[in-house]
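Asker: Right, I'll just put the structure down here and ask away after.
There are 2 protein chains.
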Amino acid sequence: MKGNSGKILHIDLTAGTTSVEFPDEMFYRTYAGGACMGAYYLLRMMAAGADPLGPDNVLVFTTSAITGAAVSGNARHCVSAKSPLTGTIMNSEAGGFWGPELKFAGFDAITVSGRSSKPVYLWIHDGECELRDASMLWGKPTGEVQDAIRAELGDSRVRVAQIGPAGERLVRFACIVNELKHFNGRGGLGAVMGSKNLRAIAVRGSGKPDWADPVTILDLARSGAGKVRRPGVWADFRRLGTLQTVADNTTIGSLPTRNFSMGTFSEYENISGEAFARDMMDKPGTCWACAQQCKRDVKKGIESPRQIDARYGGPEYETAGLLGSNCMIGDVHALTKANEIAGKLGIDTISLGGVIGFVMECFERGILSEEQIGFPAPFGDGEALVRLAEMTGLRSGIGDSIAEGVARLAVGLGPEAQRIAVHIKGKELPAHTPTAKGMMAILYAVGSFGPDHMSGAHDEQFTSGPNEAYRGIGIYEKPPGANWDLNLEKVNIVARAQQLVSAIDSWSVCQFCFHVWTIYSMENLLALIKACTGWSYTMHEFMLLGERRLNLLRAFNAREGFTKADDDLPPRLFEDPLLDNGPTGGRTVDREQFLQCRDEYYRLVGWDPTTGNPTGAKLRELGLGWISEAAPTAPVVL
Amino acid sequence: MKGNSGKILHIDLTAGTTSVEFPDEMFYRTYAGGACMGAYYLLRMMAAGADPLGPDNVLVFTTSAITGAAVSGNARHCVSAKSPLTGTIMNSEAGGFWGPELKFAGFDAITVSGRSSKPVYLWIHDGECELRDASMLWGKPTGEVQDAIRAELGDSRVRVAQIGPAGERLVRFACIVNELKHFNGRGGLGAVMGSKNLRAIAVRGSGKPDWADPVTILDLARSGAGKVRRPGVWADFRRLGTLQTVADNTTIGSLPTRNFSMGTFSEYENISGEAFARDMMDKPGTCWACAQQCKRDVKKGIESPRQIDARYGGPEYETAGLLGSNCMIGDVHALTKANEIAGKLGIDTISLGGVIGFVMECFERGILSEEQIGFPAPFGDGEALVRLAEMTGLRSGIGDSIAEGVARLAVGLGPEAQRIAVHIKGKELPAHTPTAKGMMAILYAVGSFGPDHMSGAHDEQFTSGPNEAYRGIGIYEKPPGANWDLNLEKVNIVARAQQLVSAIDSWSVCQFCFHVWTIYSMENLLALIKACTGWSYTMHEFMLLGERRLNLLRAFNAREGFTKADDDLPPRLFEDPLLDNGPTGGRTVDREQFLQCRDEYYRLVGWDPTTGNPTGAKLRELGLGWISEAAPTAPVVL
């Protein structure tokens, strides 16, 4: 079975046992890997109603049949579980070095069920696996743990995916980190890992995947690397990283500012890609085998105004948007320090910035007092930001409440607080305000694991009309209206782009290299899939794969009782006109248009418009007819 | 605009005027050509309720952006209009030489509206067009007319698409023929042409399409030709043509016999590919630039028992199944003679054989007497067959009633006759009995232009599991059950294969070269499209194109008042167990399973399950939102 190792490792931490599954080729073609395969195992292995932080939750690590082919943008893996933040299914993607190494170590995926009675870590090397004591690692920051594991195993090239103290303490938005600076960030999967007493998974392998056509892989690798070296969009992206879009997003009024009450930030230049490159950056950082190098490596030896440990890397755009502008922090140093803390303790910076922005607004409105917080925490206070970040990861003081996420925190603070708590399905919003991007308004609402900016198209991508990737999925026209407009044409783009991106995530490749910045076209991606697997894999199968995974997610949620009513936006977006004078100043999301678009979305994707859940016919169409048998409680209609 | 001429010729025969439209590139990408572009113009140009034989009907001739690239299987064109047989929209495909020549003459498509006050033919050459008098041609057989036109224009290489006397006389299943032996056979489009007093369209051109990548086109042409030369499936197909499947279909009980009351024919060997090759064939015939050469050229000089004019070519499988087994004619000579008459007069052999088989059964049952027919016409009487064929084309005697099609003929003959009249939506069934092929049972019923064997997949194609073309559209598993079984898994294959084939027909390429016998894979087809147009055209766009065209067809029919109730099978298939002892002997189609499958089909394709018609959301998804505006009477729901 070309590309794949053909082996899935199943671990039961309660029993301390492992087993290996050998799926057939059609299984791999049907579920591919990454987000889709993760969702598959969750539906197959988990009963409805499982406690996300209990032993019945299943944590799945997945790569794909092309992971390990040394091409830019092909170094990712996905982690999936039921989220302790939302109660929904969750897929969370990371780049870095761990995914390819898992493949070299002999497995395409790992499922982890049960709960260890004591802290352990998992060691996988060349087809072997072993659970090892992690008692001595418990409570330590991620950097120390990585060092300790490598020392214990006597191999400095062991790749470690781990949780930090935040995950151990079940912070509901704790993340999983590999190489200290690549994050399966969202949805609290670090807490799931913590609840299982699993501190880390260390992998190392010398296996070489059996590729169908290594020459084409090499050609693709070279052509991608060649493009990146030329001046232009890729060079800019390498120089500035995702932080480049701080400026872009404030320009279109989409930069969340002051707890999503504004769409532009007057001090954006102090947290921009240029500011970081000038003041904080050592060099562009990278994932395995990637020529794009969009990551940020931090200068060593920064001591003032705060000491920053460079090992934890620099902030992404999302971090700048949430820990920066959303908290009105116009200070690249404070931002980088808060980011370092999040890496050290293992916290998702998006949710963290969402909750801290909310806390700051509560402080300014008098909903939370200085006594409750422990110190003044107005918007723009970098020191408060840094302290709150650390307290959250350690669940100390008010950090223990912040660690519950904005939805749960707001419940205890009364109706005014709840009205300004910006979340969907309990998950804090990413740094693209739906007030400025009509497509995000729909996408955030209908997303099965809550608001996610990497699940679809952004309105501004269509300014010059659809690019070749979009034309390739049948979007030939520029949608009508401004970025912020909501209309039926956009819903179609949302639905189709969501399937495209879903498939990209199910092949575990990087959206920046294969979609948004497009070093590689979709044609290149199909060629890569063929070169790895030997399959004449088509764009139609690719889109069906994306749709299949979206339906797996939704079927999981349906089983848990989620419906259309959960597909909504926070009240603030409908009710509070943006307070700034930017292009979206004074705007809200039109609720009536939103509801019309949401209904159109269900119709377009073939979900029951009364429940918002998959119909039996849609599941059968996607080869998922087994779901109604396997999950008889699912409210699935004919 | 690579590949396309960029010009659509519009002709108004009432006014005697022509105009040229220059659509933009996105129009071509959206509607491509062939069947899809034809359906587009019908919906755009024709009001609801038009008389199919009146001046308001529009007749559209379409090629595609790749027509004219000299590759096997790429010589086709489509004719579309409202059918006088069914009252539905109709697409009818033909191979031959005419389509490429139209492209060389400077146009991608022609629409013909209105009605000429006297017989005319249209002469198109190198971007010019001219209506010429055809009074002297009227009433003459096709061979004479082709000779006369070429003589008049002084060019023996002029390609002539024309009707015969049957079309002039408005035989409801009259066809359009080019080069005397390539037919836009089905649905009576020849009668539409006749009703417009348009006898022929002669084309000739020296233009060379501007291809994006001529080298790849040449490579594809060579690789295809190379494959065909090797021993194996292609060589067999060349030797036996589609007649090869006479044996295949009787083996699985799918050969319509004795007016669809049996599924095997004891004398099948007398009308098989082997019989024809032995007794009647000169050499394999061909379409333009095709190495496959699946057509049958007839020996010259056959004089006994009847004289046969070799110019009209030999029968296809469908002809053998309907004029042969369905009339119980085990006589390759009589079959070839009837086929020659159909070519000379311009009659669809499928409908013709369907009605004659019915007439023969009526004769045997005493519903039609020898007096009414003019001679005895029992099953198996070759002479009766030949006479009835000629009488139909000329509308003489009972031929005048046969010319109305089986549905109209049966109405005058009472309930027993109506019960054994085998048609759907007024159109006679092709030579694959739905009792033997579950997929055909569904496909025939839901087909917008009535029963059509070239609109989807056949059950026996999945005996060894889905091939790469089907895997490429997401069909990974062999459907459960025998060929004749009906189940939900098959419905999904029907729906998806129908879209695949619909797209093939919308690019005007041959299903034998690009799908069923697969000299070329779908990957090759996408490569050819790219080589011609320069577009990075994906399989997903391709499938959307197929779906778009199916929805255009359906929207047209919805506007005419067709609904789910019209999507049914003839009573005989549900009620009369097959009388033979073949594999399907004693079988009927299970009505309850059929209705379940039909409902599943609507759900899978996103049509309203209560009406069977497209929803507004489905139309908008396909970029067809304009239909509800353009056709406000359409019963389209949100």
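The listed protein sequences correspond, in order, to chains A and B.
This note's numbering numbers the first residue of the first sequence as 576 and each following residue consecutively.
This note's numbering numbers the first residue of the second sequence as 576 and each following residue consecutively.
Positions of the beta carbon are idealized from the N, C-alpha and C atoms, including for glycine.
Could you work out which residues of chain A lie near M1114/B, taking near to mean beta carbons separated by less than 7 Å?
Answerer: Those within 7 Å of M1114/B in chain A are T1113, M1114 and H1115.
Asker: List in chain order: all unbroken beta strand (DSSP E) runs of 3+ residues lying wholly within the region 975-1003 of chain A.
Answerer: Listed in chain order, there is nothing to give.
Asker: Residues of chain B with CB closer than 7 Å to the CB of N1067/A, please, in chain order.
Answerer: Simply R1195 and E1196.
Asker: With DSSP collapsed to three states, give me the class of D811/B.
Answerer: D811/B: helix per DSSP, three-state reduction.
Asker: Using three-state DSSP, classify G876/A as helix, strand or coil.
Answerer: Of the three classes helix, strand and coil, the one that applies to G876/A here is coil, per DSSP.
Asker: Roughly how many whole angstroms lie between the Cα atoms of G1109/A and W809/B?
Answerer: Each residue's Cα considered, the two are about 25 Å apart.
Asker: Taking only beta-carbon positions, decide if G972/A is within less than 8 Å of chain B.
Answerer: No, G972/A lies away from the interface with chain B (no Cβ there is under 8 Å from its Cβ).
Asker: Helix, strand or coil for V654/B? Go by DSSP, reduced to three states.
Answerer: In this structure, V654/B counts as strand in the three-state DSSP scheme.
Asker: Any heavy atom of the ligand GTP closer than 7 Å to the CB of A787/A?
Answerer: Among the ligands in the structure shown, none appear at all, so the ligand GTP cannot be discussed.
Asker: Given this structure, state the Cα-to-Cα distance separating A1102/B from S1096/B, to the nearest angstrom.
Answerer: Computed Cα separation, rounded: 10 Å.
Asker: Under DSSP, the beta strand (DSSP E) around S594/A begins and ends at which residues?
Answerer: Segment T592 to E596, the beta strand (DSSP E) holding S594/A.
Asker: Got a sec: which bits of the region 1026-1059 of chain A sit with their beta carbon under 8 Å from any beta carbon on chain B, in order along the chain?
Answerer: Listed in sequence order: E1043, R1046, G1047, I1048, G1049, Y1051 and E1052.
Asker: For S1077/B, name the three-state secondary structure that DSSP assigns.
Answerer: Correct three-state label for S1077/B: helix.
Asker: Which partner residues does V752/A have in the DSSP bridge list?
Answerer: According to DSSP, which records beta bridges pairwise, V752/A is partnered with Q737/A and F758/A.
Asker: Go ahead and label P953/A buried or exposed: buried means 16 or more other beta carbons lie within 10 angstroms of its beta carbon, across all protein chains shown.
Answerer: Exposed, by the Cβ-count rule.
Asker: For the beta strand (DSSP E) containing M856/B, list its first residue and its last residue.
Answerer: Here the beta strand (DSSP E) through M856/B covers M856 to G860.
Asker: Would you check if the region 1004-1021 of chain B and the region 827-841 of chain B touch, i.e. whether three or more CB-CB distances between them fall below 8 Å?
Answerer: Contact between the region 827-841 of chain B and the region 1004-1021 of chain B is present, because at least three Cβ pairs lie under 8 Å.
Asker: Report back the beta-carbon spacing between G980/A and S926/A to the nearest angstrom; my notes put them in contact at under 8 Å.
Answerer: Yes, they are in contact, since the Cβ atoms of G980/A and S926/A sit about 6 Å apart, within 8 Å.
Asker: Does any residue of chain B have a CB that is nearer than 8 Å to the CB of M966/A?
Answerer: M966/A does not count as touching chain B.
Asker: Closest Cβ-Cβ distance between T605/A and chain B: below 8 Å?
Answerer: At least one chain B Cβ lies under 8 Å of T605/A.
Asker: I'd like to know whether the C-beta atoms of L584/B and T638/B end up nearer to each other than 8 Å.
Answerer: In this structure, T638/B does not lie closer than 8 Å to L584/B by Cβ.
Asker: Of all the options K1105/B, N1156/B and W1201/B, which has the alpha carbon lying nearest to the alpha carbon of Y788/B?
Answerer: One detail in the question is off: residue 788/B reads as Asp in this sequence, not Tyr. Comparing Cα positions, the closest option is K1105/B.
Asker: With DSSP run on the structure shown, which of helix, strand or coil describes T832/B?
Answerer: T832/B falls in the strand class under three-state DSSP.
Asker: Output the boundary residues of the beta strand (DSSP E) element that contains K779/A.
Answerer: The sequence shown places Arg at residue 779/A, not Lys. That run of the beta strand (DSSP E) goes L773 to R779.
Asker: Which class does D676/B belong to by DSSP, given the choice of helix, strand or coil?
Answerer: Here the sequence assigns Glu to residue 676/B, which means Asp is not the residue at that position. Of the three classes helix, strand and coil, the one that applies to E676/B here is helix, per DSSP.
Asker: Do you know offhand how far D1165/B's Cα is from Q1171/B's?
Answerer: Approximately 10 Å between the Cα atoms of the pair.
Asker: I'd like to know if the region 1177-1190 of chain B and the region 1077-1089 of chain B are in contact, where contact means that at least 3 CB-CB pairs between them fall below 8 Å.
Answerer: The region 1177-1190 of chain B vs the region 1077-1089 of chain B: no contact.
Asker: Below 8 Å on the Cβ atoms is my contact criterion, and I expect P859/A with K870/A to pass it. Report the Cβ-Cβ distance as a whole number of Å.
Answerer: About 7 Å separates the two Cβ atoms, so the contact holds.
Asker: For R734/A versus V778/A, is the C-beta spacing smaller than 8 Å?
Answerer: Yes.
Asker: Looking only at C-alpha atoms, which of E958/A, T1185/A and S710/A sits nearest to D1141/A?
Answerer: It is T1185/A.
Asker: Three Cβ pairs or more, each shorter than 8 Å: is that satisfied between the region 1127-1135 of chain B and the region 656-666 of chain B?
Answerer: The region 1127-1135 of chain B is in contact with the region 656-666 of chain B.
Asker: Find the nearest neighbour of I776/A within the set F636/A, C1107/A and A796/A, judged by alpha-carbon distance.
Answerer: Nearest of F636/A, C1107/A and A796/A to I776/A, Cα basis: F636/A.
Asker: What would DSSP say about Y1095/A, mapped onto helix, strand or coil?
Answerer: Y1095/A: coil per DSSP, three-state reduction.
Asker: Please confirm if E991/B has its CB atom under 8 Å from at least one CB of chain A.
Answerer: No, because no Cβ of chain A sits closer than 8 Å to the Cβ of E991/B.
Asker: Starting from the Cα of D1034/A, find the closest Cα among G1022/A, R1046/A, S1023/A and V1066/A and give me that residue.
Answerer: The candidate whose alpha carbon is nearest that of D1034/A is V1066/A.
Asker: Spatial neighbours of A590/A within its chain, please: CB distance less than 8 Å, with the 5 preceding and 5 following residues excluded, ordered by chain position.
Answerer: If we look at A590/A and ignore the five residues flanking it on each side, its Cβ neighbours are G689.
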